[in-house]
Amino acid sequence: MIRLTLKRPPAVPLEAEVLSPSLLAGLSHTEICGLHLYHGKRRMRVDEFFDVEGERSSTVDITGDLRRVRWLGRGMTDGTLTIHGSAGMHLGARMKGGRIEVFGNADDWVGAEMTNGLVRIHGHAGGQIGGAYRGSLRGMKNGTIIVEGTAGLEVGLRMRRGTIVIGGRVRDFCGLQMKGGTIILLDGAEIRTGAWMNRGTILSLRSLKLLPTFRFACYDNPTFIGVHARFLKPLGIRLPHAPTEGSWARYCGDFCVPGKGEIFIWHPAAAPEPAVSEL
Amino acid sequence: MLRITGGKIYDPASGINGEIRTLYIEDGRFVASGEGGRTIDAAGMIVFPGGVDVHTHVAGGAINFARAMTPEDHRRTQAFIRSQTRRSGLGGMAPTTFATGYLYAGMGFTTVNEAAVPVLSARHTHEELSDIPIVDKSSLVLMANNELLLDQLDAGEYERARSILAWYIRAAGSWGIKAVNPGGVAAWKWGGNAGQLTETVDGFRHVTPGTIVASLARMCHDLNLPHPLHLHCNNLGAPGNVSTTLETLRHLEGHRAHIAHSQYHAYGGDDWDTMRSATSDLADWFNTHDNLTTDAGAVLFGDTVTITADGPWQHLLYRLTGRKWGNLDVENETGCGIVPYTYRPGHLVNAVQWAAGLELLLLIEDPWKVFLSTDHPNGGCFWRYPEILELLMCADYRQECLRQLPDRIRSRILLPEIDREYSLYDVATAMSAGPAQALGLPRKGSLAVGCDADVVIYEEDDNIRRMFSHPRYVIKSGEIVIEDGDIRETPDGREFLVQPHCDPDTETFIRPLFEDCYTMSFDNYPVEPHRIPRAEIHHRPASP
Numbered sequence: 179m180i181r182l183t184l185k186r187p188p189a190v191p192l193e194a195e196v197l198s199p200s201l202l203a204g205l206s207h208t209e210i211c212g213l214h215l216y217h218g219k220r221r222m223r224v225d226e227f228f229d230v231e232g233e234r235s236s237t238v239d240i241t242g243d244l245r246r247v248r249w250l251g252r253g254m255t256d257g258t259l260t261i262h263g264s265a266g267m268h269l270g271a272r273m274k275g276g277r278i279e280v281f282g283n284a285d286d287w288v289g290a291e292m293t294n295g296l297v298r299i300h301g302h303a304g305g306q307i308g309g310a311y312r313g314s315l316r317g318m319k320n321g322t323i324i325v326e327g328t329a330g331l332e333v334g335l336r337m338r339r340g341t342i343v344i345g346g347r348v349r350d351f352c353g354l355q356m357k358g359g360t361i362i363l364l365d366g367a368e369i370r371t372g373a374w375m376n377r378g379t380i381l382s383l384r385s386l387k388l389l390p391t392f393r394f395a396c397y398d399n400p401t402f403i404g405v406h407a408r409f410l411k412p413l414g415i416r417l418p419h420a421p422t423e424g425s426w427a428r429y430c431g432d433f434c435v436p437g438k439g440e441i442f443i444w445h446p447a448a449a450p451e452p453a454v455s456e457l
Numbered sequence: 002m003l004r005i006t007g008g009k010i011y012d013p014a015s016g017i018n019g020e021i022r023t024l025y026i027e028d029g030r031f032v033a034s035g036e037g038g039r040t041i042d043a044a045g046m047i048v049f050p051g052g053v054d055v056h057t058h059v060a061g062g063a064i065n066f067a068r069a070m071t072p073e074d075h076r077r078t079q080a081f082i083r084s085q086t087r088r089s090g091l092g093g094m095a096p097t098t099f100a101t102g103y104l105y106a107g108m109g110f111t112t113v114n115e116a117a118v119p120v121l122s123a124r125h126t127h128e129e130l131s132d133i134p135i136v137d138k139s140s141l142v143l144m145a146n147n148e149l150l151l152d153q154l155d156a157g158e159y160e161r162a163r164s165i166l167a168w169y170i171r172a173a174g175s176w177g178i179k180a181v182n183p184g185g186v187a188a189w190k191w192g193g194n195a196g197q198l199t200e201t202v203d204g205f206r207h208v209t210p211g212t213i214v215a216s217l218a219r220m221c222h223d224l225n226l227p228h229p230l231h232l233h234c235n236n237l238g239a240p241g242n243v244s245t246t247l248e249t250l251r252h253l254e255g256h257r258a259h260i261a262h263s264q265y266h267a268y269g270g271d272d273w274d275t276m277r278s279a280t281s282d283l284a285d286w287f288n289t290h291d292n293l294t295t296d297a298g299a300v301l302f303g304d305t306v307t308i309t310a311d312g313p314w315q316h317l318l319y320r321l322t323g324r325k326w327g328n329l330d331v332e333n334e335t336g337c338g339i340v341p342y343t344y345r346p347g348h349l350v351n352a353v354q355w356a357a358g359l360e361l362l363l364l365i366e367d368p369w370k371v372f373l374s375t376d377h378p379n380g381g382c383f384w385r386y387p388e389i390l391e392l393l394m395c396a397d398y399r400q401e402c403l404r405q406l407p408d409r410i411r412s413r414i415l416l417p418e419i420d421r422e423y424s425l426y427d428v429a430t431a432m433s434a435g436p437a438q439a440l441g442l443p444r445k446g447s448l449a450v451g452c453d454a455d456v457v458i459y460e461e462d463d464n465i466r467r468m469f470s471h472p473r474y475v476i477k478s479g480e481i482v483i484e485d486g487d488i489r490e491t492p493d494g495r496e497f498l499v500q501p502h503c504d505p506d507t508e509t510f511i512r513p514l515f516e517d518c519y520t521m522s523f524d525n526y527p528v529e530p531h532r533i534p535r536a537e538i539h540h541r542p543a544s545p
């Protein structure tokens, strides 16, 4: 295992894309210490900011107040990155595989444009989770992002495939311009969920204030939600799906695009009243 | 004094083909002999005159718009980190100004011609050109859709129109004129286009694309410009457009012209499903007519961003791709469209385009008539030129690439039957000597005594792409700028301007017309030559 401990929080953002398990896996202690980071516009060595223990391992632990440390695990292909503390922007962006776990919060752009792998944030996260960078046509193409706390704006922005699960409340424009994939909201979202969505699925266990360009279709218990439930169970997330527990209200949209997306809102069996405020 | 000894010299302008000779350089020029100073031992190496790009888009409003429209590319592309000798910048589909200079020089190019500058954004363009380090520059002003000029042609006032043209060339600080989709961009302001050379352009009584082409070509001759009319024909990109292109060439009435990116103008077929390459028709014309030169505008597979003054074509391309679209209206002069695009080998149209560019380079027999270009960034980025050279120099590699294309393309292209391979001498002609001659640039594209000492030295290598991508030395005006893959010096390049004869009363004539319809002050319109750093101004008396 490689253990990195932040000596002091950087004064300005520290660009730390080299701190990725797949890149560190083949390097000796000296080589890791000598890797370059940019502290603002200045080039620094890794050991100027971190105490480094261990070498040649694809299991990496980073500890400290990393809120200004960006691009951790960028483009990683395998291995495990565990962060004890809060991570900065672009955590796991463009990652292709492996696993990132954060015992703390994360900033914006978690797993942006990732193509595979798993990111799990035990605290809260910022906006644009799994999103497409400005100008890009597509966000995440596969993989799973789980945030146990709340999340910011534009979660799943232009995502193409993959799964995002948010445990806490999500802010506006969740699933903006979605092109595919699934977003699961365990505690609902604020306004304009699914705006401009072309395709893809948003599941919410709480009522949502929907845009007028979404239309109610039916109540249903589709099989694929059971498949999602089975996939999420080992990750400790329970998604109700059995007809005995309740049913999902399906809404189609966003018709102003026009889109073939769908939003499912859970109605527990005990509460038959529609919990949805259309318009 | 700098001496280059032992290298195989390829200097088509002097007819030297791979002879071992010594080059002497003093004060930025080649000299006949000399003593002292540094000697570069180029034994086992190949010595070329520095590359000249006859048609590229590297500065000004359009490429800047393209940069702004493709932020996603900036993140994945090559970054230049600031160092003692280098400023920061980004490569990619539309490189930043400083990076443009580093990338061109890094590939052995020492002169570039920015091919499309509206007078309105000439000031901006020259600011950017002066920021592009190392390479020398020239630029062409956009003319075929300028309302003031077309109004004079419409009224039959040829002399007046020619005077206005001369004034515009001086005002824009240009080296020549570029015609883009003559009449089509003016018609685009009403949502139209101009596809027929003999049909009147929307908004005019008499002017047709054909008369615009003929008049401009004649004016270039009358004004004694160093570079002839630089022509982007009507119906760019459309299936079956080769008939338009050939008709345009007939309208030139024997006047000289340079046909830009002819690959985009060499298609047969009736629609997208039947589109095929018609390069043999066009190549035949070039092979039998000596008033013409062209650049290939070759296409390479991959991502790029297309930018052109041809607004109506860009709107069509946007409708085809459904991706991003930028459209600029440049007041009374021209327009501009920007669409990011991906050329895919599996896409039949793209595969035909890829083959057509190579076919033109191979079927036009004289390398003094057809030059290397991708119409950067339209067909591919300029830093990918070595890929084209590999395709031109190795027939086997070409066949290997063809095998990766869909089978049904074979009936639509000629490339599989062509076995010509470029020699190093051909490459030196198509990449340097030819374009320099066509541009009429003095002292460029040659290693002869008295010429600018722009030299590129390659380590001889069986891997052609590697050889041309990484020259061992690049020397610009006698200064070693690249050595062993590193940028050593980043001197500022010069800019070539031409000042043709212009009647003194032209400005008095234009001023009220300008003030009537433009949004800026007339006094801010022309670019003062002293505002262009390191300008080399060539005065031209009118032809007798």
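As you go down the protein sequences, you meet chains A and B in turn.
Using our numbering, you'd call the opening residue of the first sequence number 179 and step up by one each time.
Using our numbering, you'd call the opening residue of the second sequence number 2 and step up by one each time.
Beta carbons: idealized from backbone N, C-alpha and C, even for Gly.
What residues of chain A sit near residue i, judged by a beta carbon separation below 9 Å?
i, result
"B/Pro72", "Tyr311, Arg312, Gly313, Ser314"
Give the straight-line distance between the Cα atoms of residue i and residue j, rounded to the nearest whole angstrom.
i, j, result
"B/Gly494", "B/Lys138", "7 Å"
"A/Lys411", "A/Ile307", "22 Å"
"B/Gln264", "A/Arg339", "38 Å"
"B/Gly51", "A/Leu335", "47 Å"
"A/Phe227", "A/Pro188", "8 Å"
"A/Ala128", "A/Thr241", "This structure does not reach residue 128 of chain A, given that chain A is present from 179 up to 457, and the question cannot be answered."
"B/Met468", "B/Ile47", "10 Å"
"A/Glu456", "A/Pro390", "In this prediction, A/Glu456 scores a pLDDT of 49, lower than 50, which makes its location untrustworthy; the coordinate-derived value is nonetheless stated afterwards. Each residue's alpha carbon lies about 7 Å from the other."
"A/Met375", "A/Asn320", "17 Å"
"B/Ala145", "B/Tyr105", "29 Å"
"A/Asp225", "B/Ala117", "51 Å"
"B/Tyr398", "B/Glu537", "43 Å"
"B/Thr126", "B/Thr98", "11 Å"
"B/Ile5", "B/Val306", "40 Å"
"B/Thr199", "B/Ala434", "36 Å"
"B/Phe49", "B/Glu27", "18 Å"
"B/Asp42", "B/Lys445", "23 Å"
"A/Arg181", "B/Ala357", "56 Å"
"B/Arg484", "B/Ser89", "Residue 484 of chain B is actually Glu in this sequence, not Arg. Their Cα atoms are separated by approximately 20 Å."
Does the Cβ-Cβ distance between residue i and residue j come in under 8 Å?
i, j, result
"A/Gly327", "A/Gly304", "no"
"B/Gly184", "B/Pro313", "no"
"A/Leu251", "A/Met273", "Per the sequence shown, residue 251 of chain A should be read as Gly rather than Leu. It is a contact, given that the beta carbons lie within the stated cut-off."
"A/Ile324", "A/Val333", "no"
"B/Tyr344", "B/Gln354", "yes"
"B/Asn236", "B/Gly196", "yes"
"B/Thr78", "B/Leu91", "yes"
"B/Pro208", "B/Asp155", "With the sequence shown as reference, residue 208 of chain B is identified as Val, and Pro is not the correct amino acid for it. Yes, the pair counts as a contact, with Cβ atoms nearer than the cut-off."
"B/Ala261", "B/Asp296", "yes"
"A/Leu244", "A/Leu184", "yes"
"B/Thr294", "B/His259", "yes"
"B/Val113", "B/Thr57", "yes"
"B/Pro542", "B/Asn225", "yes"
Residues of chain A with CB under 7 Å from residue i, in chain order?
i, result
"B/Arg76", "Tyr311"
Could you tell me whether any Cβ in chain E is nearer than 8 Å to the Cβ of residue i?
i, result
"A/Ser200", "No chain E appears in the structure shown, which is made up of the protein chains A and B."
Query raised in the report: Are the segment 518-533 of chain B and the segment 474-489 of chain B touching, with three or more C-beta to C-beta distances below 8 Å?
Result: no
**Report entry** At least three beta-carbon pairs within less than 8 Å, the segment 385-397 of chain B to the segment 236-249 of chain B
**Finding:** no
**Report entry** Contact between the segment 8-16 of chain B and the segment 425-440 of chain A (3+ Cβ pairs under 8 Å)
**Finding:** no
Query raised in the report: Is the segment 55-75 of chain B in contact with the segment 469-477 of chain B, if contact means three or more CB pairs nearer than 8 Å?
Result: no
Query raised in the report: How about the segment 298-308 of chain B and the segment 281-288 of chain B: do they share at least three Cβ pairs that are nearer than 8 Å?
Result: no
Report task. May I ask you to verify whether the segment 439-446 of chain A touches the segment 379-389 of chain A, counting CB pairs closer than 8 Å and requiring at least 3? Result -> yes
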